[in-house]
Structures are given as structure tokens and as C-alpha cells.
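Written out below as C-alpha cells is the structure these notes cover.
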Amino acid sequence: MSFLQEKQSRRYFLFILFTAVFLLFAGLFLAGNYTVLARQLLYNQRQTFVSALLSQKVSPEIIAAALKNSIATQDGAAFLDVAGYGSSLPAFMISELRNTALLFLLRTLLCASAAVIILFSGTVYFLNKRELLCRKAVNIISEFSEGNFHNHLPSGGTGSIYQLFFAVEQLATALQAKSSSEHKAKEFLKDTISDISHQLKTPVSALKLYLEIILQEPDNPDTVKTFSRKAEQSLNRMEHLILILLKMMKLDAGSVQFHKENCSVEDLSLRAVTDLKTRASVEKKFLVFEGSPDAFLFCDPVWTEEALSNLVKNALDHTKEGDTVRICWKASPGLFRLSVSDTGEGILPEDLPHIFKRFYRSSKTSSAGFGLGLPLARSIIEDQGGMLFAESIPGKGSVFTISFLTDL
17 MSFLQEKQSR
27 RYFLFILFTA
37 VFLLFAGLFL
47 AGNYTVLARQ
57 LLYNQRQTFV
67 SALLSQKVSP
77 EIIAAALKNS
87 IATQDGAAFL
97 DVAGYGSSLP
107 AFMISELRNT
117 ALLFLLRTLL
127 CASAAVIILF
137 SGTVYFLNKR
147 ELLCRKAVNI
157 ISEFSEGNFH
167 NHLPSGGTGS
177 IYQLFFAVEQ
187 LATALQAKSS
197 SEHKAKEFLK
207 DTISDISHQL
217 KTPVSALKLY
227 LEIILQEPDN
237 PDTVKTFSRK
247 AEQSLNRMEH
257 LILILLKMMK
267 LDAGSVQFHK
277 ENCSVEDLSL
287 RAVTDLKTRA
297 SVEKKFLVFE
307 GSPDAFLFCD
317 PVWTEEALSN
327 LVKNALDHTK
337 EGDTVRICWK
347 ASPGLFRLSV
357 SDTGEGILPE
367 DLPHIFKRFY
377 RSSKTSSAGF
387 GLGLPLARSI
397 IEDQGGMLFA
407 ESIPGKGSVF
417 TISFLTDL
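For the sequence shown, the residue numbers in my numbering are 17 to 424.
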């Protein structure tokens, strides 16, 4: 009887129970009343019968014997038929019986009417309250379907109807979260497209300008060579931007399958800076590696190299000639740390909370990057269950630390 957990249903059930008890007592009352009326009718009939016999000077002994007699004979039945009081006589022809029956019927109708009125009133009240509750719920659910989640379904009660309301409320919460997520995704896509357009605008404009110059001076080998090289640089810049965006989109879509294995951290670090060694040498910057050659890390080597390479590239972008970029790793019980530190310009305190946002670039930086390297690195590390955070002192350098939990 789980429906009794709901307040209104419980009250209605108690009302029905009360009505049933009322009908039971009404039945007992009518049965007792019928007995009283029947006894009174029988007494009146006997009194009339005895009075008539006494008026005819019939012996009291004979009358008493007749009243005590319990044996019905055919002669008695025949006499009643002849006298007009046989069993075929209609009940309404007997005035005493008719009056008694009418009185009992009236009392029965009164009790039945009272019971019907009580039952009808209680049922109408219950159905009206339930109708109001359901109508309120329908209006709120209609608001949910229109994207308005300010109002909430009735709660605090128990029973199946409130369980239904709770389930619908959970569904509405999920829809609200989904709607909010979709809105944020649309806003993010809108902002991303705007940022991508802005980032591509410069190299595309430069590329068009270089091609126009080349077309205007096709017979000038030096001009063609110079601006062809510049055009190639613009194309490389666009290609680099597109590749980073594709990687970030794959990570966002969850389509990247990380193939983890035990990797030598020293080998991983050396592979991550393979393409950056020449740049560091040309810019007269130093790459230093510190850590145990026997250290291993359980990770996806390809993607982790990508993240580490972006951190090193970011360090080279913000250092000057003679500065050092240091790649260090250290294992401790339960935690493995891999850090990239530099002695460069550092990060301003107001910029530090935003450096992992996509396309974010400080207004005071001289770097020509896109603002995607650090967000990509964080996404790669966090999707593998690690953490990436940054510390910096302006004018003294920055430290980016990758942390992975390990077995104790």
C-alpha cells in the first residue's frame, strides 16, 4: 500500500474508511430500529387481538394459550384466507405494516443520503485538490519545455505522484544542464570561429600582399625569392595553426585514444625538443635536462611529447639570448613531476590566471604565438589523468609543472 505514503491519498483513504465505518454503524442502527418497529408492530397487533377477544368474553386462559401457541395448522390458514387476511394479501393493504415500512424506509433513505452526500463531497474535494496539483504540474512542465526552469514542481511529499514529480524535476535539471551546455558550446564555437578568423586574417593578408608583389615584379629574382620565402613562412604559420586546432578539436570531441606505456622520461624529453634544438642554438639559448636516466612514466608517449614540446616552445618564445630552459623530472612516492622552467621575462600576475585560455595573449607580450600551445598542453595532460599548473615571477622566469599520480 505504497500509495498511502502520499498525503492526499492517505487522507482520502482515511475518509473512505470513515465513510465505511459510518455505513456500518448506520446499518446496525437501521437493523436495531427495524427490530424495535417490528416488535412494536407485533405488540400492537397482539394488543388489538387480545382486546377483541376479551370484549367477546373469551376466557383469559384460552387467550393466553393462544398467544403461547407456536404450531400453525391448515385450519388456521384456511380461516385467515376466508377472513381476508391470507398470505396473498398485499402488504400495503395492512395499514400498520404500511406505516411501519414507510417509517423504516424514510430512516433508511436519510442514512443512505447522508452517506452519499459525505462520500460525494469528500471525493469531489479530493479530485479537485488532485486536479489543481496536476494542473500546476502541467503548467510548470510546459514552462520546462519552453526552456524556463525558474519554477519547480511541488515537492516535500511522499507517494507515487511526488516520486513522478521528482523524476520529472531530475529530467528538467538534466535538460537545463544540457541546454546550458549547448548554449556555452555555441558561444564557445562562435568565439572560436571569431578567434580563428582573426588569427588567419593576418597571414592570409600577408600572403596576398606577397603574391601581389611577386606578380608585379616577376623578372626580379631577388624580389621573387624574398617574398616567396615570406609567403612560405605565412603558409607554415597557417599550417601550424590549423594542425593545433585539429588536435584540440579531437581532444574536445573525446576521439583521442591514449595508448599508455612505460616510457623513459629522458628519451621522451629528448624527442620532445628534437625540432627545437636548432632554434635554441640559433637564438643562443640553452636547453638543460635534469633527472634520473632510469625514470619511467606511464603515459602516451606521442601526445605527452606534444605537450612537453609546446611547453618548451612557450619557454623559448619568452626568453632572450643567453637564457636557459630547463627540463627536470623527479619521482616521489605517489607522485611524478616533470617541469619546464626558464629564466625569461616571466608572466605578469594579472595574466597568470588566463594563460591556459585559448587564444589568450597578454597585451604586453612580444611573442608572435597563437595562444594555443598552453591550452593544448593542459588538455593533453588532464585527459591522461594528470595536472598542469604554472608559477612565475616577472623578470625572473616561469615554471610549468606536470604532475602524475603513481603507485606508492
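Every residue, glycine too, gets a C-beta built ideally from N, C-alpha and C.
Source: prediction; values computed, not measured.
Under the 10 Å beta carbon count, PRO237 is surrounded by fewer than 16 other beta carbons and is classified as exposed. For VAL318, the enclosing alpha helix (DSSP H) stretches over residues 317-333.
Around the beta-carbon of LYS336, fewer than 16 other beta-carbon atoms lie within 10 Å, marking it exposed. Rounded to whole angstroms, the gap between the alpha carbons of TYR376 and GLY360 is 19 Å. For THR139, the three-state secondary structure derived from DSSP is helix.
In the displayed model, ILE396 falls within a helix according to three-state DSSP. Taken atom to atom, the span from the alpha-carbon of ALA288 to that of HIS370 is near 25 Å. When the alpha-carbon of PHE420 is set against those of VAL298, LEU126, GLY411 and GLN400, the nearest one is in GLN400.
A distance of 8 Å or more separates the beta carbons of LEU292 and VAL318. Here the C-alpha atom of GLU407 lies approximately 55 Å from the C-alpha atom of SER176. In this structure, ILE209 keeps its C-beta atom at 8 Å or more from the C-beta atom of VAL184. Within the same chain, and ignoring the five residues on either side of ILE343 in sequence, the residues whose Cβ sits closer than 6 Å to its Cβ are SER285, PHE305 and VAL356.
Less than 8 Å divides the Cβ of THR422 from the Cβ of PHE352. If you ignore the 5 residues before and after ILE260, its C-beta comes within less than 8 Å of the C-beta of PHE386, LEU388, GLY389 and LEU392, all in its own chain and listed in chain order. Note on geometry: alpha-carbon atoms of ILE396 and GLU277 lie some 15 Å from one another. Leaving aside the five residues that flank LEU223 on each side, the residues in its chain whose CB is nearer than 6 Å to its CB run, in chain order, ALA247 and SER250. Between the beta-carbon of ARG374 and that of LEU332 there is about 21 Å, and that puts the pair past the 8 Å contact cut.
In the three-state reduction of the DSSP assignment, PHE41 falls in the helix class, which pools H, G and I.
Take LEU149, set aside five residues on each side of it, and the residues of its chain with a beta-carbon closer than 7 Å to its own are PRO170, in chain order.
With a cut-off of 8 Å on Cβ pairs, the stretch 29-40 is in contact with the stretch 134-146, counting three or more such pairs.
The beta carbon of VAL66 sits closer than 8 Å to those of ILE79 and LEU83, all from its chain and outside the five residues before and after it, given in chain order. Around the beta carbon of TYR59, fewer than 16 other beta carbons lie within 10 angstroms, which makes this residue exposed.
Between the alpha carbons of PHE95 and LEU126 lies a distance of about 40 Å. By the Cβ neighbour-count rule, LEU205 is exposed, with fewer than 16 other Cβ atoms within 10 Å of its own. Going by DSSP, VAL240 is part of the alpha helix (DSSP H) stretching over 237-269. Distance from VAL281 to ALA311 at the Cβ level is roughly 4 Å; contact confirmed, criterion being Cβ atoms closer than 8 Å.
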